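UniProt numbering numbers the first residue of the sequence shown as 1 and each following residue consecutively.
Have a look at the structure below before the remarks.
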Amino acid sequence: MKVKINNREYEFDHEISILDATKNAHIKIPTLCYSEKLEPFGSCRLCSVEIKGERTLKPACVTKITDGMEIFTHSQRVRKTRKTIMELIIASHGISCNLNCLTCSKSGSCEIKEVAEEIGVTEIRVPPISNGLSEDQSSYSIVREPQKCIVCNRCVRKCSEVQSVNILTIANRGPDTYVTTFMDKGMGNVDCTNCGQCILECPTGALHEVYQMDQVWAALSDESKFVIVQTAPAVRVAISEEFDAEPGKIATKQMVAGLRLLGFDKVFDTNFAADLTIMEEANEFLERFKNNGKLPLFTSCSPGWVKFLEHNYPEFIDNLSSCKSPQQMFGAIAKTYYANKLGISKEDMVVVSVMPCTAKKFERVRPEMKGDVDYVLTTRELAKMFKLAGIDLLNVPPEEYDEPLGISSGAGAIFGATGGVMEAALRTAYEVITGEELEKLDFEAVRGIKGIKEATVEIDGINLKVAIVNGLGNARKVLEMIKSGEKEYQFVEFMACPGGCIGGGGQPIPTNKEIILKRMQAIYEIDRSLPIRKSHENPAIKTLYEEFLEEPLSEKSHELLHTTYVARS
Numbered sequence: 001m002k003v004k005i006n007n008r009e010y011e012f013d014h015e016i017s018i019l020d021a022t023k024n025a026h027i028k029i030p031t032l033c034y035s036e037k038l039e040p041f042g043s044c045r046l047c048s049v050e051i052k053g054e055r056t057l058k059p060a061c062v063t064k065i066t067d068g069m070e071i072f073t074h075s076q077r078v079r080k081t082r083k084t085i086m087e088l089i090i091a092s093h094g095i096s097c098n099l100n101c102l103t104c105s106k107s108g109s110c111e112i113k114e115v116a117e118e119i120g121v122t123e124i125r126v127p128p129i130s131n132g133l134s135e136d137q138s139s140y141s142i143v144r145e146p147q148k149c150i151v152c153n154r155c156v157r158k159c160s161e162v163q164s165v166n167i168l169t170i171a172n173r174g175p176d177t178y179v180t181t182f183m184d185k186g187m188g189n190v191d192c193t194n195c196g197q198c199i200l201e202c203p204t205g206a207l208h209e210v211y212q213m214d215q216v217w218a219a220l221s222d223e224s225k226f227v228i229v230q231t232a233p234a235v236r237v238a239i240s241e242e243f244d245a246e247p248g249k250i251a252t253k254q255m256v257a258g259l260r261l262l263g264f265d266k267v268f269d270t271n272f273a274a275d276l277t278i279m280e281e282a283n284e285f286l287e288r289f290k291n292n293g294k295l296p297l298f299t300s301c302s303p304g305w306v307k308f309l310e311h312n313y314p315e316f317i318d319n320l321s322s323c324k325s326p327q328q329m330f331g332a333i334a335k336t337y338y339a340n341k342l343g344i345s346k347e348d349m350v351v352v353s354v355m356p357c358t359a360k361k362f363e364r365v366r367p368e369m370k371g372d373v374d375y376v377l378t379t380r381e382l383a384k385m386f387k388l389a390g391i392d393l394l395n396v397p398p399e400e401y402d403e404p405l406g407i408s409s410g411a412g413a414i415f416g417a418t419g420g421v422m423e424a425a426l427r428t429a430y431e432v433i434t435g436e437e438l439e440k441l442d443f444e445a446v447r448g449i450k451g452i453k454e455a456t457v458e459i460d461g462i463n464l465k466v467a468i469v470n471g472l473g474n475a476r477k478v479l480e481m482i483k484s485g486e487k488e489y490q491f492v493e494f495m496a497c498p499g500g501c502i503g504g505g506g507q508p509i510p511t512n513k514e515i516i517l518k519r520m521q522a523i524y525e526i527d528r529s530l531p532i533r534k535s536h537e538n539p540a541i542k543t544l545y546e547e548f549l550e551e552p553l554s555e556k557s558h559e560l561l562h563t564t565y566v567a568r569s
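Here it is in structure tokens:
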């Protein structure tokens, strides 16, 4: 079909939206409620265009092209309408904004500010409108500021369409419409998984993580405390984006140097604990498999996924690995084994985590694990601290992690991507079962960002049926198939966030499919570049078992590295 866009003719072979047609024509139309990951909604009307012969402007995101259609994307009428709409949106954005960036908590790019600049809104003519709603601080992970909300519905749709958690909803009608939770109970009092995907969608800063930067600054200033930090695998391939680098740039050694400049006494790597997790989890799987234990075994590294299962599928709790996540394993080892080596009490040690994940903030205060980790910073928070300290991250001289808790393998590095935990476990399980060296370390069948992946892996004549799942909406689908008997697996990796930890709710904004793929490529590049690529070959892990833990699944290991889960209402 042929259409004219701004008097130039274009041809398309199938029906698409006007917004997609203009993108193909390299014409940018402003949007706020639209997101490529979600179904078009058409609520903000910023993408309105003029169509010849039509009396009213049409939203480009939900209007399909027709043969012979003539579209005007930036006519005088369109520009004037968009400007008025934008002024009203900013007014409804509340007294806390009015494009006053000094009062905004938005991390990374601010869509509302960027779109206002594109449209040409430079002053506020419409008085701000207060919706009278108070801040929601009920969650350990996420803060909601309703005064900044423009009811674009992106957070609601991400929570329902992608994650299938459904804790956010729309209340009232007309100008009294607002986003809330069930009976206005607050995000901490409903079955929120703390995944933070809503934060990645919010264009206005109405949703953000619970900040712990001030507590970390205070700890660093306390001379009586020994403050150590661990960094998750996904952080090193994303934090450079906060300093205007291309997505996927690896900044591991610069990040280590920056953390020392902030004043941390030791800088360690969560990848070390990822290797430790594989030692425990791979052996747990083998024990269950050989002794007719509860299968399939579900991974337990993702706290958002674990909480989702506790709320929605408590009948599968016994399928969860009893292993703590790498974050919590690290804290437990740091405050026992490492503290003993230094001759300091665990009360004098402060463990800080830098994570791509907002759910880790909730995980650290779980009663089953309370005390392992003291504070959790997101990737965005660490970037803010670097900037506040005047650290030019991309240009600081690179430095190495401290030993021994900074020594890790490529298997630990790939934990940050969906499929990485499974691949790391298979590398170790294969060699434990066969006693032979694995020739090809790359398990390509478990890689990629597809929401649900399946593979059959042959090990010593045994065919293991495995699945890899990312995104909670996909987790629900797989659990339902297992529940009905439609699918049978022995081992399933679940991650709450699309793409895995590299797509976590604490990562730089924007985080979209293209960016996730670049971060994933960087994760595997790190794996390929390391001399050690199997968790059981990590010399620091070997020493830890020889000196302290004895062997995987020992009494000491169970005491420090394993946990239990609860059915939640």
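We put the beta carbon where it would ideally sit given N, CA and C, even for glycine.
These numbers were taken from a predicted model, which means no experiment stands behind them.
By how many angstroms is the C-alpha of ILE515 removed from the C-alpha of ASN194? Within the sequence shown, residue 194 is the residue found at index 194, counting from 1. Within the sequence shown, residue 515 is the residue found at index 515, counting from 1. Straight-line measurement puts the Cα of ILE515 at about 22 Å from the Cα of ASN194.
From MET86, THR511, SER529, GLU488, residue whose alpha carbon lies closest to that of PRO30: Counted from its first residue, the sequence shown places residue 30 at position 30. Comparing Cα positions, the closest option is MET86.
Can you list, in chain order, the stretches of the alpha helix (DSSP H) that have 4 or more residues and sit fully within the segment 96 to 174? Correct list: 111 to 119, 154 to 157.
Thinking C-beta only, is CYS497 closer than 8 Å to ASN470? On the sequence shown, position 470 is the one that residue 470 refers to. On the sequence shown, position 497 is the one that residue 497 refers to. For ASN470 and CYS497, yes; Cβs fall inside 8 Å.
Where does GLN507 fall in DSSP's three states? Numbered from its first residue, the sequence shown carries residue 507 at position 507. In the three-state reduction of the DSSP assignment, GLN507 falls in the coil class.
On a Cα-Cα basis, can you pick out the residue from GLN490, GLU537, ARG476, THR543 that is closest to GLU161? Within the sequence shown, numbered from 1, the residue matching residue 161 stands at position 161. Here the closest residue by C-alpha is ARG476.
For the segment 257 to 273 against the segment 224 to 236, do three or more pairs of beta-carbon atoms, one drawn from each stretch, fall closer than 8 Å, so that the two count as touching? These segments touch.
Of the choices ILE541, MET69, LEU46, whose alpha-carbon is the least far from that of PRO59? Within the sequence shown, residue 59 is the residue found at index 59, counting from 1. Ranking ILE541, MET69, LEU46 by CA distance to the CA of PRO59 puts LEU46 first.
For ALA238, name the three-state secondary structure that DSSP assigns. The residue given as residue 238 occupies position 238 in the sequence shown. Here DSSP, grouped into helix, strand and coil, assigns ALA238 to coil.
Quick one: what's got a C-beta closer than 7 Å to TYR338's C-beta in the same chain, skipping five residues either side? On the sequence shown, position 338 is the one that residue 338 refers to. Contacts found: LEU405.
Start and end residues, alpha helix (DSSP H) containing VAL306: Taking the sequence shown and counting its residues from 1, the one referred to as residue 306 is at position 306. Run containing VAL306: 303 to 312, per the alpha helix (DSSP H) assignment.
Selected residue, minimal CA-CA separation from PHE298, among GLY419, SER35, LEU168, PHE12: Counted from its first residue, the sequence shown places residue 298 at position 298. Residue GLY419 is the option with its Cα nearest to PHE298.
Suppose you measure from the CA of MET355 to the CA of CYS44; what does that come to, to the nearest Å? Counted from its first residue, the sequence shown places residue 355 at position 355. Counted from its first residue, the sequence shown places residue 44 at position 44. Roughly 33 Å separates the two Cα atoms.
Extent of the continuous beta strand (DSSP E) run through ARG45: Numbered from its first residue, the sequence shown carries residue 45 at position 45. Taken as a continuous stretch (DSSP letters only), ARG45 belongs to no beta strand (DSSP E), as it is neither H nor E.
Which residue from GLN212, GLU488, ILE167 puts its Cα closest to that of ALA383? Position 383 of the sequence shown, counting from 1, holds the residue named residue 383. The shortest C-alpha separation from ALA383 is found at GLN212.
Does the ligand NAD have even one heavy atom less than 7 Å from the beta-carbon of LYS518? Looking for the ligand NAD in the displayed structure turns up nothing, as the structure carries no ligands at all.
Could you pull the DSSP bridge partners for LEU464 from this structure? The residue labelled residue 464 in the question sits at position 464 within the sequence shown. Answer is VAL457, bridged to LEU464.
Start-to-end residues for the beta strand (DSSP E) that takes in THR418: Taking the first residue of the sequence shown as position 1, residue 418 is located at position 418. Unbroken run through THR418: none, as it is neither H nor E.
Roughly how many whole angstroms lie between the Cα atoms of LYS4 and LEU19? In the sequence shown, counting from the first residue as 1, residue 4 sits at position 4. In the sequence shown, counting from the first residue as 1, residue 19 sits at position 19. CA-CA distance, LYS4 to LEU19, rounds to 13 Å.
With 16 other Cβ atoms within 10 Å as the buried cut-off, status of ILE170: Position 170 of the sequence shown, counted from the start, is the residue given in the question as residue 170. By the Cβ neighbour-count rule, ILE170 is exposed, with fewer than 16 other Cβ atoms within 10 Å of its own.
Determine contact between the segment 188 to 206 and the segment 290 to 310, defined as no fewer than three beta-carbon pairs at a distance below 8 Å. Touching, yes.
Identify the residues that DSSP records as bridge partners of ARG8: which are they? By one-based count along the sequence shown, residue 8 stands at place 8. The partner list for ARG8 (beta bridge, DSSP) reads ILE5.
Extent of the continuous alpha helix (DSSP H) to which HIS562 belongs: Position 562 of the sequence shown holds residue 562. Boundaries for HIS562: no alpha helix (DSSP H) harbours it, and the DSSP string shows neither H nor E there.
Per-residue burial, THR456 [other beta carbons within 10 Å of its own, 16 or more giving buried]: As a first step, residue 456 must be located in the sequence shown, where it is residue number 456. Within 10 angstroms of the beta-carbon of THR456 lie fewer than 16 other beta-carbons, which makes it exposed.
Proximity below 8 Å, CB of TYR401 to CB of ASP269: Translated into positions along the sequence shown, residue 401 becomes position 401. Translated into positions along the sequence shown, residue 269 becomes position 269. It is a contact, given that the beta carbons lie within the stated cut-off.
If we require 4 or more residues per run, which alpha helix (DSSP H) segments fall completely within the UniProt domain "4Fe-4S ferredoxin-type" (184 to 212)? Taking only runs of at least 4 residues, the alpha helix (DSSP H) segments lying wholly in the UniProt domain "4Fe-4S ferredoxin-type" (184 to 212) are 197 to 201.
Express the C-alpha separation of LYS453 and SER139 in angstroms, rounding to a whole number. Here the question's residue 139 lines up with position 139 in the sequence shown. Here the question's residue 453 lines up with position 453 in the sequence shown. Looking at the two C-alpha atoms, the distance is approximately 32 Å.
Below 7 Å CB to CB, which residues in the same chain sit around SER164 once its five sequence neighbours on both sides are set aside? Start at 1 with the first residue of the sequence shown, and residue 164 comes out as number 164. Answer for SER164: LEU472, GLY473, ARG476, listed in chain order.
Please look up how many angstroms separate the CB atoms of VAL143 and VAL210, rounded, as I've assumed it's under 8 Å. Looking up residue 143 in the sequence shown gives position 143. Looking up residue 210 in the sequence shown gives position 210. That pair is a contact at about 6 Å.
Please give me, in chain order, every unbroken run of the alpha helix (DSSP H) with length at least 4 that falls completely inside the segment 243 to 320. Runs of the alpha helix (DSSP H) inside the segment 243 to 320: 252 to 262, 270 to 290, 303 to 312.
Give the straight-line distance between the Cα atoms of GLU399 and MET255, rounded to the nearest whole angstrom. Taking the first residue of the sequence shown as 1, we reach residue 399 at position 399. Taking the first residue of the sequence shown as 1, we reach residue 255 at position 255. Answer to the nearest angstrom: the Cα atoms are 8 Å apart.
Whole angstroms are fine: how far does the CA of HIS14 sit from the CA of LEU394? Start at 1 with the first residue of the sequence shown, and residue 394 comes out as number 394. Start at 1 with the first residue of the sequence shown, and residue 14 comes out as number 14. Distance between the alpha carbons of LEU394 and HIS14: 45 Å.
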